[in-house]
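S.K.: After the structure tokens below, expect a handful of questions from me.
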Amino acid sequence: MAPPQDLRVGNKYRIGRKIGSGSFGDIYLGTNIISGEEIAIKLESVKAKHPQLEYEARVYKSLAGGVGIPFVRWFGTECDYNAMVLDLLGPSLEDLFNFCNRKFSLKTVLLLADQLISRIEYIHAKSFIHRDIKPDNFLMGIGKRGNQVNVIDFGLAKKYRDPKTHFHIPYRENKNLTGTARYASINTHLGVEQSRRDDMESLGYVMLYFCRGSLPWQGLKAATKKQKYDRIMEKKMTTPTEVLCRGFPNEFAIYLNYTRSLRFDDKPDYSYLRKIFRDLFVREGFQYDYVFDWTVYKYQKNAQAIAQAAGQKDDVQPKQSTRQTRGATKDDQQPMNISFFGCVVRYENAGRRTMLTTDFANLSTR
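Numbered as in the UniProt record's numbering, the sequence shown ends at 366 without a single skipped number.
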């Protein structure tokens, strides 16, 4: 049942339209009625069979202050709902992947990999594992943090060690699959208790998904969910790493082989994993300018539209041409703002250097 549109949360947040769904609840656009600031509100029915929102709010509180961790403004109960108010973020990496025709360049994958490894490292340092690493759960920021990757949806997160003693949870088997089968580690498919290694292996599948456009175990059909999971596991286990990574730099195979070789309670070497991708980034001659594929793609699309519009205007007013040449004009020095489903892409010609920055505004957290 949808909440009433006039529902107020925490006395100062007004609920708006639905903008997404998480593992356990729906997300709505909200407004601070005092400041006018837009935020995200996640709601869960108080009658939910397995309430999760209070637990998720506690996880966010434990992770508070980390780079790329949304801040929870308020948690409580309003009417028939448990409600959590948190920072509004931009589009998910899955949204952006679709926007870019379901393929990311090597540069974009490597720019993301650096941040993604760091986000997971931070979560692990706080004694949690995420257990649902997938593109939908990583969102770009908005405004000045438009180039920052954020992690969301901690409904399935779990402590893998005691925060004080660092005593690791025991090894167990016969566990049900928790998370998303497409990106689940092989050990998760086999029913082994998850630990840090599984988050990292899942991230490897996410990066290969971005590079390849899809994974070999997508689209498999089966009569039941269990049979489908079994087919995915079989395909995952029988696809050699070199086949999975064929056509892409060897670093992806190195990453996947490393994460698959970790023992249950091993601490992944996050610095090593970042370094192999950073070294590849430098070797490829890429620049750390945070120009992602979606930034360029939207600019190119908009430039084509502007060129077409200018051409049509020329046909009507040939004596007052607005077409620009390579010669510098005042217009060349002005920023050009491009709307991108709530995202603003800014183009600036600064001397010889071209800069593209992405400013995501008013986009949903999912």
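All residues carry an ideal CB built from backbone N, CA and C; glycine is no exception.
Keep in mind the model is a prediction, meaning the values are calculated, not measured.
Helix, strand or coil, according to DSSP, for Asn137 in the structure here?
M.R.: Taking the first residue of the sequence shown as position 1, residue 137 is located at position 137. Asn137: helix per DSSP, three-state reduction.
S.K.: Are there 16 or more other CB atoms within 10 angstroms of the CB of Lys134, so buried, or fewer, so exposed?
M.R.: Here residue 134 refers to the residue found at position 134 of the sequence shown. That one is buried.
S.K.: Are the CB atoms of Tyr171 and Ile129 within a distance shorter than 9 angstroms?
M.R.: Taking the sequence shown and counting its residues from 1, one reaches residue 129 at position 129. Taking the sequence shown and counting its residues from 1, one reaches residue 171 at position 171. Result no, Cβ atoms of Ile129 and Tyr171 do not sit closer than 9 angstroms.
S.K.: If you draw a straight line from the alpha carbon of Leu43 to that of Asp266, how long is it in whole angstroms?
M.R.: Residue mapping note: residue 43 aligns to position 43 of the sequence shown, counting from 1. Residue mapping note: residue 266 aligns to position 266 of the sequence shown, counting from 1. Straight-line Cα distance between these residues: approximately 36 angstroms.
S.K.: Rounded C-beta distance between Met207 and Thr259? I'm assuming under 8 angstroms.
M.R.: Your numbering for residue 207 matches position 207 in the sequence shown. Your numbering for residue 259 matches position 259 in the sequence shown. Incorrect: roughly 11 angstroms between the Cβ atoms, too far for contact.
S.K.: Under three-state DSSP, which class holds Glu193?
M.R.: Here residue 193 refers to the residue found at position 193 when the sequence shown is read from its first residue. Correct three-state label for Glu193: coil.
S.K.: How long is the line joining the alpha carbons of Ile69 and Glu121, rounded to whole angstroms?
M.R.: Taking the sequence shown and counting its residues from 1, the one referred to as residue 69 is at position 69. Taking the sequence shown and counting its residues from 1, the one referred to as residue 121 is at position 121. Approximately 12 angstroms, taken between the alpha carbons.
S.K.: Suppose the cutoff is 8 angstroms on Cβ atoms and the five residues either side in sequence are ignored; what does the same chain contact list for Gly213 look like?
M.R.: Translated into the one-based positions of the sequence shown, residue 213 becomes position 213. Excluding residues within five positions, the ones whose Cβ falls inside 8 angstroms are Arg102 and Lys103.
S.K.: Nearest to Tyr272 by CA position, among Gly25, Ile19, Lys226 and Asp114, is which residue?
M.R.: For the purposes of this step, residue 272 is taken as the residue at position 272 of the sequence shown. Per the Cα distances, Asp114.
S.K.: Given this structure, state the Cα-to-Cα distance separating Thr354 from Gln300, to the nearest angstrom.
M.R.: Taking the first residue of the sequence shown as position 1, residue 354 is located at position 354. Taking the first residue of the sequence shown as position 1, residue 300 is located at position 300. Note that Thr354 scores 36 on pLDDT, short of 50, meaning its location in the model is unreliable; the coordinates nonetheless yield the value given after this. Spanning the two alpha carbons is a distance of roughly 14 angstroms.
S.K.: Smallest Cα separation from Asn32: which of Gly16, Asp26 and Phe24?
M.R.: Looking up residue 32 in the sequence shown gives position 32. Minimum Cα distance to Asn32 is reached at Gly16.
S.K.: Whose C-alpha, out of Tyr209, Arg58 and Glu173, is nearest the C-alpha of Leu245?
M.R.: As a first step, residue 245 is located in the sequence shown; it is residue number 245 there, counting from the start. According to the sequence shown, residue 245 is Cys rather than Leu. The shortest Cα separation from Cys245 among Tyr209, Arg58 and Glu173 belongs to Tyr209.
S.K.: Let me know the secondary structure DSSP gives Leu177 once reduced to three states.
M.R.: The residue labelled residue 177 in the question sits at position 177 within the sequence shown. Of the three classes helix, strand and coil, the one that applies to Leu177 here is coil, per DSSP.
S.K.: Taking Lys138 and Leu156 to be in contact with their CB atoms under 8 angstroms, please state how far apart those CB atoms are, rounded to whole angstroms.
M.R.: Along the sequence shown, one-based indexing puts residue 138 at 138. Along the sequence shown, one-based indexing puts residue 156 at 156. Residue identity check: residue 138 is Phe in the sequence provided, not Lys. The Cβ separation is near 15 angstroms, so there is no contact.
S.K.: Taking Val149 and Arg119 to be in contact with their CB atoms under 8 angstroms, please state how far apart those CB atoms are, rounded to whole angstroms.
M.R.: Locating residue 149 in the sequence shown gives position 149, counting from the first residue. Locating residue 119 in the sequence shown gives position 119, counting from the first residue. The pair is a contact, with the Cβ atoms about 6 angstroms apart (cut-off 8 angstroms).
S.K.: Buried or exposed, going by whether 16 or more other CB atoms sit within 10 Å of the CB of Ser195?
M.R.: Position 195 of the sequence shown, counted from the start, is the residue given in the question as residue 195. With 16 or more other Cβ atoms within 10 Å, it is buried.
S.K.: Would you kindly report the start and end of the unbroken alpha helix (DSSP H) that includes Arg73?
M.R.: Residue 73 sits at position 73 when you count from the first residue of the sequence shown. Unbroken run through Arg73 is the beta strand (DSSP E), Val72 to Glu78; no alpha helix (DSSP H).
S.K.: Measure the alpha-carbon distance for Thr108 versus Phe97 and round it to whole angstroms.
M.R.: Along the sequence shown, read from residue 1 onward, the residue named residue 108 stands at position 108. Along the sequence shown, read from residue 1 onward, the residue named residue 97 stands at position 97. Rounded to the nearest angstrom, the two C-alpha atoms are 11 angstroms apart.
S.K.: Work out the CA separation of Gln218 and Phe277 for me, nearest whole Å.
M.R.: Residue numbering aside, residue 277 sits at position 277 when the sequence shown is read from its first letter. Residue numbering aside, residue 218 sits at position 218 when the sequence shown is read from its first letter. About 26 angstroms.
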